[in-house]
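Trainee:
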Amino acid sequence: MIAALEIISIITACLAGLALLLAIPPAIPRPIGLAITAICTLVVFAGVIVDIIALITGEAHHIPSIATHISYLISTPLIVPAGFALTYKKLDRWGLVIIGVATLIATFMLIRQVQTLGIPFGYLNVSH
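Per the numbering used here, residue 8 is the first one in the sequence shown, and the count goes up by one each step.
1. At a cut-off of 7 angstroms, would you count S82 as near the ligand SAM, judging by its Cβ distance to the nearest heavy atom?
2. If you count every other CB in all the chains shown that lies within 10 Å of the CB of C47, and 16 or more means buried, which is it?
3. Can you give, in chain order, each stretch of the alpha helix (DSSP H) that sits fully within the region 42-98 and has at least 4 residues?
4. For the alpha helix (DSSP H) holding A109, just list the boundary residues, first then last.
5. Using a threshold of 8 angstroms, state whether the C-beta atoms of V50 and I15 are closer than that.
6. If you check the beta carbons only, do L117 and G54 fall under 8 angstroms apart?
7. Are the beta-carbon atoms belonging to F115 and P84 less than 8 angstroms from one another?
8. To the nearest angstrom, report how far apart A23 and P33 are at their CA atoms.
9. Can you tell me whether L103 is buried or exposed? The criterion is at least 16 other CB atoms within 10 Å of its CB, across all chains shown.
10. Quick check on DSSP: helix, strand or coil for P38?
11. Have a look at F91 and H76 and give me their C-alpha separation to the nearest angstrom.
12. Could you tell me the distance, in whole angstroms, from the CA atom of D58 to the CA atom of V121?
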């Protein structure tokens, strides 16, 4: 389960980088920007679902702050759509920058979700 969350975090980071790189040229077609946004949203939702499954199956070692974890579960899937809502009329260069930054934020929130489960995540949680 944790391997799946690590892979999802890597994918979201790569998608965020792609969105930021595509913001460099003067303009990209709107369907490409919409496709990147949709893929980012789906991958973040998949990460939240995997996190919920880990929580239900008892894979979490200990949950130091259940309120913090639940707030991450509620807010993480809303970040990329909120970024899209800021740019839905004109998905241009700056729209892709907003989508890329929103996806990076969602990536870090997925990593924090794993940490709030009490599960060591790579080198980010070396104290456990």
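The beta carbon of each residue, even a glycine, is placed where N, CA and C say it ideally should be.
Mentor: In this structure, then:
1. The ligand content of the structure shown is nil, which means the ligand SAM is not present either.
2. buried
3. 73-94
4. 100-123
5. yes
6. yes
7. no
8. 18 angstroms
9. buried
10. helix
11. 24 angstroms
12. 7 angstroms
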